[in-house]
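For reference, the structure discussed in these notes is given below.
As structure tokens, this is what we get:
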């Protein structure tokens, strides 16, 4: 934690220095010059269904995310110092107010929950471009520092696996959630083929200075489609091998059988060779996109991004590892369990579809996948003293008994909800269509994107501690219930400065903990769990 704080402080001081350099670059000439951009954003998130609980010191079955409201307010400013046609500096600072959940449940730590304020460094980098800036292509561009990198511009919530993931364990993060700290080389020669070579570290994990290398290529033979592929040597240069490589053998996690063998004089190492996992590994990625907009230009029904289809798949680690000696055993024996696959499509934004049919389909899906609820009819708690003492305190056994009733929900539960959803969708779709014709202006959304992911790992998508071993589900027989994730995004811009956006999803969203870092738990995991979020941003 201290190293992360020091790194944040160092980045903040460096940003202030670069801001001063940018200010000195103002000369009232074409070069050098300074360009400013920024904005403010207010967001609200509502967790509708969730069975996830943070790592609290609790003994009951309370679910702390279910029904939670989360708000945040943030602002940022970025400055570009264009020193010449080839050289530019970019930096920025941001600050925000956000809410967090407590991660422990005792005395002093209550102060860590609630409303928080923080500052951050969104980006800080320097770029140098070779070649003629007016030629329409870039023979070579070098970027160094802390910067965004996306090889798929359409992915909103799922995908971008080559960089938004770990290898061992195969953790997947939300698309675009993580930036790169390092060096990037980009070239688009020949014109139909682009290349990116990157050397970078991961500033978000405990292995702060492991170095990874990646190569990404994209082929665009025409306006209709493009394909891409990439490979990443993840954590190939290890800053601390003892932290990156972890043994499957653990002194404090013997199973009952292992303890018996040790009592007989044989250790685990005597019976089995020691096997070491490593968080380092090789990841590969393949993606494709099809954009039919050039074929639909003459149609008033379709928008400029409607019906675009994109997909991606990746292998998060080419190497197999046998199961560990710990109980319960876990490992990486099947490469198919390390392949996430996602696909997305932009739904037509015409009011009849985007404001009518699409919301009705989403409502039917959410109602149909609604999880059953449990109603407690009666409960009793029996506390019996054990006669044993811990210091001056007597120990007790606690038994909780309760009678419950399972209430099945879904399409048959309150079927009038479907009627209400249908009527509201028809009113929204037809009303927007008629209002557009009346006012002579387009009121439809700019984009509606639907994304789906399948990731058949038998483990939780959670990274706890520094070990390369995956995290088992609490109920391992239900491990496949989190294999499918989905998200629906929509956005609308006004006057090129104001943007309203929203999301209904069961994806990989995480919340910030009390220290301003992403907590390991996702707020939803199973297909019937979901949240909605809206945001309003103003840029300048």
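Residue numbers (my numbering): 43 to 582. For each residue, glycine too, the CB sits at the ideal point set by N, CA and C.
Reference residue i; option with closest CA among the options
i           : options               : result
residue 233 : 283, 215, 179 and 224 : 179
residue 122 : 115, 116, 131 and 114 : 131
residue 487 : 216, 362, 229 and 400 : 400
residue 579 : 107, 569 and 540      : 540
residue 535 : 453, 572 and 485      : 485
residue 462 : 405, 227, 243 and 140 : 405
residue 498 : 457, 135 and 377      : 377
residue 338 : 328, 570, 125 and 350 : 350
residue 375 : 165, 364, 381 and 384 : 364
residue 571 : 187, 225, 407 and 519 : 407
residue 528 : 515, 492 and 522      : 492
residue 188 : 388, 500, 162 and 108 : 162
residue 241 : 455, 231 and 252      : 252
residue 257 : 361, 266, 272 and 244 : 272
residue 384 : 174, 93, 476 and 494  : 494
residue 544 : 531, 119, 501 and 331 : 531
residue 113 : 138, 237 and 561      : 138
residue 110 : 141, 396 and 194      : 141
residue 414 : 136, 455 and 554      : 455
residue 336 : 387, 265, 390 and 94  : 265
residue 244 : 220, 260 and 238      : 220
residue 214 : 573, 542, 255 and 359 : 359
residue 345 : 78, 504, 489 and 125  : 489
residue 237 : 182, 554 and 326      : 182
residue 133 : 186, 116, 276 and 327 : 186
residue 553 : 261, 538, 575 and 262 : 575
residue 170 : 392, 395, 397 and 184 : 184
residue 573 : 76, 551 and 136       : 551
residue 518 : 342, 93 and 370       : 370
residue 206 : 94, 262, 357 and 229  : 357
residue 199 : 267, 386, 260 and 261 : 386
residue 327 : 343, 276 and 398      : 276
residue 388 : 546, 451, 197 and 261 : 197
residue 546 : 516, 538, 537 and 577 : 577
residue 452 : 117, 411 and 474      : 411
residue 476 : 500, 129 and 398      : 398
Start-to-end residues for the beta strand (DSSP E) that takes in residue i
i           : result
residue 119 : 111–124
residue 182 : 182–189
residue 351 : 351–358
residue 78  : 75–91
residue 563 : 560–564
residue 346 : Premise fails: residue 346 is in no beta strand (DSSP E) and is neither H nor E.
residue 494 : 489–497
residue 335 : Residue 335 -> no beta strand (DSSP E), and no H or E assigned at all.
residue 366 : Segment: none, residue 366 is in no beta strand (DSSP E) and carries neither H nor E.
residue 382 : 382–389
residue 395 : First-last for residue 395: undefined, no H or E at that position.
residue 169 : 166–172
residue 228 : 222–229
residue 373 : No beta strand (DSSP E) holds residue 373; DSSP gives it neither H nor E.
residue 215 : Unbroken run through residue 215: none, as it is neither H nor E.
residue 573 : 572–581
residue 545 : 540–548
residue 107 : Premise fails: residue 107 is in no beta strand (DSSP E) and is neither H nor E.
residue 277 : 267–279
residue 553 : 552–554
N- and C-terminal bounds of the alpha helix (DSSP H) containing residue i
i           : result
residue 527 : That residue, residue 527, is in no alpha helix (DSSP H); its beta strand (DSSP E) goes 526–536.
residue 478 : 458–481
residue 204 : No alpha helix (DSSP H) holds residue 204; DSSP gives it neither H nor E.
residue 407 : 400–410
Inter-residue CB distance, residue i and residue j (contact presumed, cutoff 8 Å)
i           : j           : result
residue 216 : residue 549 : 6 Å
residue 402 : residue 467 : 4 Å
residue 127 : residue 84  : Not quite, the Cβ-Cβ distance comes to about 38 Å (not below 8 Å), so this is no contact.
residue 582 : residue 201 : That pair is no contact at about 30 Å.
residue 274 : residue 325 : 4 Å
residue 193 : residue 270 : 6 Å
residue 514 : residue 380 : The pair is not a contact, with the Cβ atoms about 16 Å apart (cut-off 8 Å).
residue 261 : residue 268 : 6 Å
residue 501 : residue 382 : The Cβ separation is near 13 Å, so there is no contact.
residue 562 : residue 505 : 5 Å
Short CB-CB distance (under 8 Å) between residue i and chain C
i           : result
residue 278 : Going by chain labels, chain C is absent from the structure shown, which holds only one protein chain.
Problem - Validate contact between the region 79–92 and the region 559–570 using beta carbons, cut 8 Å, 3 pairs - result: yes
Problem - the region 158–176 / the region 201–210 touching (three or more Cβ pairs under 8 Å) - result: no
Practice task
Assess, as a yes-or-no matter, whether the region 220–230 is touched by the region 511–523 under the definition of 3 or more beta carbon pairs within less than 8 Å.
Solution key: no
Practice task
Could you say if the region 350–361 and the region 324–332 meet the contact criterion of at least three C-beta pairs nearer than 8 Å?
Solution key: yes
Practice task
With a floor of 3 residues, list each beta strand (DSSP E) that falls wholly inside the region 231–264, ordered by position along the chain.
Solution key: 235–243 and 253–261
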